[in-house]
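Residue numbers (this note's numbering): 121 to 307.
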């Protein structure tokens, strides 16, 4: 399927296994792009199940992520699951928690510094000792996930200003890259 879409004049799209999404500025544009993708697939001999075709929509879920108005959100179900997790009682449980929240790290400012105390208890050379520092990092990380902001897509072009913020702290360096686009108030 991927090969067929790459060879033709397929509109811009995102594909993962058998899921494909298209986007646009209007419902009409999205509809036309979707129609073109379906035509390419049918011409190549692929079956397209009508009940799998959705849209246009203001909000979608794709690969476990909610997309709304061009922004990337953490699903409410995911936030609810993370915020009720009990503190880990072993290295393996700590690693599992870090794996879960690590997927959403881009939504958490200062993520690497915040999780540093949690990584300390997972190291082979250290025995598992959950102390106040780990508990504070654990609770703060859950709070940051609960109030995570939606991420905007990356913009390019001569009018876009990239701003790099850096800081050093007790547990290492952190950085974040922000974009400022004329006429927009965020960033």
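The beta-carbon is built from N, C-alpha and C at its ideal position, and this holds for glycine as well.
Asked	Found
Where residue 306 falls: helix, strand or coil (DSSP)	Note on residue 306: pLDDT 49, under 50, position unreliable in the model; the coordinate value appears next. Correct three-state label for residue 306: coil.
Residue environment, residue 137, which counts as buried when at least 16 other CB atoms sit within 10 Å	exposed
Cβ-heavy atom distance, residue 213 to the ligand GTP, below 7 Å	The ligand GTP is not among the ligands present in this structure, which contains no ligands whatsoever.
CA nearest to the CA of residue 267, picked from 278, 140, 195 and 243	195
Residue span of the beta strand (DSSP E) that contains residue 268, given as start and end	First-last for residue 268: undefined, no H or E at that position.
Residue range of the beta strand (DSSP E) that includes residue 186	185 to 188
Residue 213 versus residue 140: straight-line alpha-carbon distance, rounded	34 Å
Delimiting residues of the beta strand (DSSP E) encompassing residue 281	281 to 289
Assigned exposure category for residue 183 - 16 Cβ within 10 Å defines buried	exposed
contact_flag[the stretch 218 to 230, the stretch 164 to 183] where n(CB pairs < 8 Å) is 3 or more	no
Contact set for residue 207: own chain, Cβ-Cβ below 7 Å, skip 5 residues either direction	250, 255 and 258
Alpha-carbon to alpha-carbon, residue 300 and residue 307	Residue placement at residue 307 is poorly supported in this model, since its pLDDT is 43, which falls under 50; the coordinates still yield a value, given next. Their Cα atoms are separated by approximately 6 Å.
3-residue-minimum beta strand (DSSP E) runs that sit fully inside the stretch 169 to 248, ordered along the chain	179 to 182, 185 to 188 and 191 to 193
Straight-line gap, residue 329 to residue 158 (C-alpha atoms, nearest Å)	Because the chain here runs from 121 to 307, residue 329 falls outside it and cannot be looked at.
C-alpha distance - residue 283 paired with residue 192, whole-angstrom precision	20 Å
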